[in-house]
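Novice: Quick one: the structure is below, and I'll ask about it shortly.
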Amino acid sequence: MTGIDDLPIRDELRGKTPYGAPQLQVPVRLNTNENPYPLPEPLVARIAERVAEAARHLNRYPDRDAVELRTALAGYLTRTAGHPVGLANVWAANGSNEVLQQLLQAFGGPGRTAIGFEPSYSMHALIARGTGTGWLSGPRREDFTIDVAAAVAAIAEHRPDVVFVCSPNNPTGTAVDAATVLALYDAAQAARADDHGALVVVDEAYGEFSHGPSLLPLIEGRPRLVVSRTMSKAFGAAGLRLGYLAAHAAVVDAVQLVRLPYHLSAVTQATALAALEYTDTLLGYVEQLKAERDRLVTELRAIGCEVTASDANFVQFGRFDDARTAWRRLLDRGVLVRDNGVPGWLRVTAGTPAENDAFLDAVRELMKEQSA
């Protein structure tokens, strides 16, 4: 039988496994950071209206530049992130992963390198590999915050072309302050001052859940700073696959050099526009999830777990002598959380109050079992 290793795939892909989390049918699924609340019925009806209108024109290609959608996204960011942006500053694609891929296609690639500070979102390294970009793992402290001095030294030594900063960070939930981003940005420009500087990408996939403000205002006067976002989490639209970035207009021009033609379908654009009409309603769910996230932190600590302070819609908790066994014990109780491979730690998504109660009960039983 022919296997993947018998095919002429690129050497750096051999022996690798695809990204993915278990999709198991269990009573409580809290492993993929989805928003647990279904879209409200009025929004579902509005999506049906917009999609029906789009369907009348599916014989034609969609708006290649997604002007109406990008304008609406710019309005959303201007209103909620504390900094005015316009159409020229926003780009959208199929999930923030495609946004990141387009950035690496434009600014990374063979002979170039990207750096991230791990543990962090594993897709940064996977997308780098897929685009032929070299990957460097930068340092974090024991508490999972970025060691600024060590990070600046790593940037100076390796001179990466792209720097990734995830805030709030996945899987730890830790936010990054503006001073840290500015230090990394300045270091990245200094390290490549003879070669047009370096791109710094702030991944704010969970930005709406943060206790603090967005880092978006930092793009002002910094043409090599990019902030990426998604509608998967705060908008409860993981199935939509819509991500976007905000940056200097020149960055938007650059990613258009590598984007596939008509990459955003008319149906995707119509659905995203409908969701943006219900921003206030959907952000109300975000407030509920933030309260549940904070409750998880408090109750997990009361149970006896170590917990990383979280600004996202998930919580990293531990520490376990064997995280994989702990994961399995929770699964045996009908609760699916995420084993991200961080030694001693697991990650749980903030769910509905009932889902969170079931999770906390399962953890209490697990802790009693381990202390027996």
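Heads up: the sequence shown begins at 1 in our numbering, then just goes up one per residue.
All residues carry an ideal CB built from backbone N, CA and C; glycine is no exception.
1. In terms of alpha-carbon separation, which member of L7, L289, W327 lies closest to P353?
2. Can you say whether H211 is buried or exposed, counting buried as having 16 or more other CB atoms within 10 angstroms of its CB?
3. Have a look at V51 and H196 and give me their C-alpha separation to the nearest angstrom.
4. What residue from L24, A238, A249, V335 has the CA that sits closest to L223's CA?
5. What is the C-beta distance between A309 and T180, in whole angstroms, given that I count them as a contact (C-beta under 8 Å)?
6. Please state the DSSP three-state secondary structure of G6.
7. Label H124 either buried or exposed according to how many other C-beta atoms from any shown protein chain fall within 10 Å of its C-beta, with 16 as the threshold for buried.
8. Which same chain residues, not among the five before or five after T71, have their C-beta less than 7 Å away from its C-beta?
9. Is there contact here, the segment 181-190 with the segment 231-242, by at least three beta-carbon pairs under 8 Å?
10. Less than 8 Å between the CB atoms is what I'm expecting for L336 and R29, so what's the real figure, rounded?
11. So who's on the other strand from A246, going by DSSP bridges?
12. For Q101, which of helix, strand or coil comes out of DSSP?
13. DSSP puts F317 in a beta bridge; with which residues?
14. Between R159 and R192, is the Cβ-Cβ spacing less than 7 Å?
15. For E34, I'd like the list of residues in its chain whose CB is within less than 7 Å of its CB, leaving aside the five on either flank, ordered along the chain.
16. Evaluate R56 with the Cβ neighbour count: other Cβ atoms within 10 Å of its Cβ, from every protein chain shown; 16 or more gives buried, anything less gives exposed.
17. Which stretch, first to last residue, makes up the alpha helix (DSSP H) that contains G130?
18. Pull up the distance between the alpha-carbon of D357 and that of H83, whole angstroms please.
19. Excluding the 5 residues flanking P261 on each side, which residues of the same chain have their C-beta closer than 7 Å to its C-beta?
20. Between the C-alpha atoms of P27 and Y278, what's the straight-line distance to the nearest angstrom?
21. Just curious, the beta strand (DSSP E) that I115 is in, first and last residue?
22. Along the chain, where does the alpha helix (DSSP H) containing D186 start, and where does it finish?
23. Per DSSP, S137 is paired with what?
24. Is the separation between the beta-carbon of G108 and that of V148 shorter than 7 Å?
25. For G221, count neighbouring C-beta atoms within 10 Å of its own C-beta (all shown protein chains included) and say buried if the count is 16 or more, exposed if not.
26. Is the number of C-beta pairs between the segment 7-15 and the segment 199-219 that are closer than 8 Å three or more?
27. If we ignore side chains and look at the alpha-carbon of each, how far apart do E49 and A198 end up?
28. Can you tell me whether DSSP reads R301 as helix, strand or coil?
29. If V44 and A246 are in contact, beta carbons under 8 Å, what's the gap, nearest whole angstrom?
30. Between L366 and L330, how many whole angstroms is the CB-CB distance? I'm expecting something under 8 Å.
31. Mind reading off the beta-carbon distance from L242 to G95? Whole number of angstroms is fine, and I expect it under 8 Å.
32. Do G318 and G344 have their CB atoms nearer than 7 Å?
33. Identify which residue in L182, R79, E68 has its Cα closest to the Cα of W91.
34. Taking only the alpha-carbon atoms, compute the straight-line gap between S137 and D321 and give it to the nearest angstrom.
35. Would you decide whether P38 is buried or exposed? Buried here means 16 or more other CB atoms lie within 10 Å of its CB.
Specialist: To lay it out plainly:
1. Within the sequence shown, residue 353 is the residue found at index 353, counting from 1. The candidate whose alpha carbon is nearest that of P353 is L289.
2. Within the sequence shown, numbered from 1, the residue matching residue 211 stands at position 211. By the Cβ neighbour-count rule, H211 is exposed, with fewer than 16 other Cβ atoms within 10 Å of its own.
3. Sequence index remark: in the sequence shown, residue 51 carries index 51 (1-based). Sequence index remark: in the sequence shown, residue 196 carries index 196 (1-based). Whole-angstrom Cα-Cα distance: 43 Å.
4. Stepping through the sequence shown from its first residue, residue 223 is reached at position 223. Note that residue 223 is Pro in the sequence shown here, rather than Leu. For the residues L24, A238, A249, V335, the minimum Cα distance to P223 belongs to A249.
5. Indexing the sequence shown from 1 puts residue 309 at position 309. Indexing the sequence shown from 1 puts residue 180 at position 180. With a Cβ gap of about 15 Å, A309 and T180 do not count as contacting.
6. Stepping through the sequence shown from its first residue, residue 6 is reached at position 6. Looking at the sequence provided, one finds Asp at residue 6 rather than Gly. D6: helix per DSSP, three-state reduction.
7. As a first step, residue 124 is located in the sequence shown; it is residue number 124 there, counting from the start. When all chains shown are included, H124 counts as buried.
8. Counted from its first residue, the sequence shown places residue 71 at position 71. Contacts found: L87.
9. With a cut-off of 8 Å, the segment 231-242 and the segment 181-190 do not count as touching, because too few Cβ pairs lie within range.
10. By one-based count along the sequence shown, residue 336 stands at place 336. By one-based count along the sequence shown, residue 29 stands at place 29. Right, the Cβ-Cβ distance comes to about 5 Å (below 8 Å), so this counts as a contact.
11. Taking the sequence shown and counting its residues from 1, the one referred to as residue 246 is at position 246. In the DSSP assignment, A246 is bridged to V90, V227.
12. Mapped onto the sequence shown, residue 101 falls at position 101. The three-state secondary structure of Q101, taken from DSSP, is helix.
13. One-based indexing of the sequence shown puts residue 317 at position 317. Among the bridge pairs identified by DSSP, F317 is matched with V307, L346.
14. Here residue 159 refers to the residue found at position 159 when the sequence shown is read from its first residue. Here residue 192 refers to the residue found at position 192 when the sequence shown is read from its first residue. Result yes, Cβ atoms of R159 and R192 sit closer than 7 Å.
15. For the purposes of this step, residue 34 is taken as the residue at position 34 of the sequence shown. Sequence-distant Cβ neighbours of E34 in its own chain, meaning closer than 7 Å and more than five residues away, are A238, T349.
16. Reading the sequence shown from its first residue, position 56 is the one you call residue 56. The Cβ neighbour count for R56, taken over all protein chains shown within 10 Å, is under 16; the residue is labelled exposed.
17. By 1-based counting over the sequence shown, the position of residue 130 is 130. G130 -> alpha helix (DSSP H) spans 122-130.
18. In the sequence shown, the residue the question calls residue 357 occupies position 357. In the sequence shown, the residue the question calls residue 83 occupies position 83. Rounded to the nearest angstrom, the gap between the Cα atoms of D357 and H83 is 38 Å.
19. In the sequence shown, the residue the question calls residue 261 occupies position 261. Counting only Cβ-Cβ distances below 7 Å, and skipping sequence neighbours, we find R64.
20. As a first step, residue 27 is located in the sequence shown; it is residue number 27 there, counting from the start. As a first step, residue 278 is located in the sequence shown; it is residue number 278 there, counting from the start. So the two alpha carbons sit approximately 29 Å from each other.
21. As a first step, residue 115 is located in the sequence shown; it is residue number 115 there, counting from the start. I115 -> beta strand (DSSP E) spans 113-117.
22. Within the sequence shown, the letter at position 186 stands for residue 186. Counting along the chain, the alpha helix (DSSP H) containing D186 begins and ends at 178-191.
23. Position 137 of the sequence shown, counting from 1, holds the residue named residue 137. S137 has G116 as its beta-bridge partners, per DSSP.
24. Your numbering for residue 108 matches position 108 in the sequence shown. Your numbering for residue 148 matches position 148 in the sequence shown. No. Outside cutoff.
25. Your numbering for residue 221 matches position 221 in the sequence shown. Taking every protein chain shown into account, the CB of G221 has fewer than 16 other CB atoms within 10 angstroms, so this residue is exposed.
26. Remark: fewer than three beta-carbon pairs, one from each stretch, lie closer than 8 Å, so the segment 7-15 and the segment 199-219 are not flagged as touching.
27. Within the sequence shown, residue 49 is the residue found at index 49, counting from 1. Within the sequence shown, residue 198 is the residue found at index 198, counting from 1. Just so you know, the alpha carbons of E49 and A198 end up roughly 44 Å apart.
28. As a first step, residue 301 must be located in the sequence shown, where it is residue number 301. DSSP places R301 in helix when its eight states are reduced to three.
29. In the sequence shown, counting from the first residue as 1, residue 44 sits at position 44. In the sequence shown, counting from the first residue as 1, residue 246 sits at position 246. The pair is not a contact, with the Cβ atoms about 28 Å apart (cut-off 8 Å).
30. As a first step, residue 366 is located in the sequence shown; it is residue number 366 there, counting from the start. As a first step, residue 330 is located in the sequence shown; it is residue number 330 there, counting from the start. L366 to L330, Cβ: 6 Å. Contact.
31. For the purposes of this step, residue 242 is identified with residue 242 of the sequence shown, where counting begins at 1. For the purposes of this step, residue 95 is identified with residue 95 of the sequence shown, where counting begins at 1. The pair is a contact, with the Cβ atoms about 7 Å apart (cut-off 8 Å).
32. For the purposes of this step, residue 318 is identified with residue 318 of the sequence shown, where counting begins at 1. For the purposes of this step, residue 344 is identified with residue 344 of the sequence shown, where counting begins at 1. Yes, they are a contact pair.
33. Here residue 91 is taken as the residue at index 91 of the sequence shown, counted from 1. Measuring from the Cα of W91, the nearest candidate turns out to be E68.
34. Here residue 137 refers to the residue found at position 137 when the sequence shown is read from its first residue. Here residue 321 refers to the residue found at position 321 when the sequence shown is read from its first residue. S137 and D321 have their C-alpha atoms spaced approximately 25 Å apart.
35. For the purposes of this step, residue 38 is identified with residue 38 of the sequence shown, where counting begins at 1. Exposed, because fewer than 16 other Cβ atoms sit within 10 Å of the Cβ of P38.
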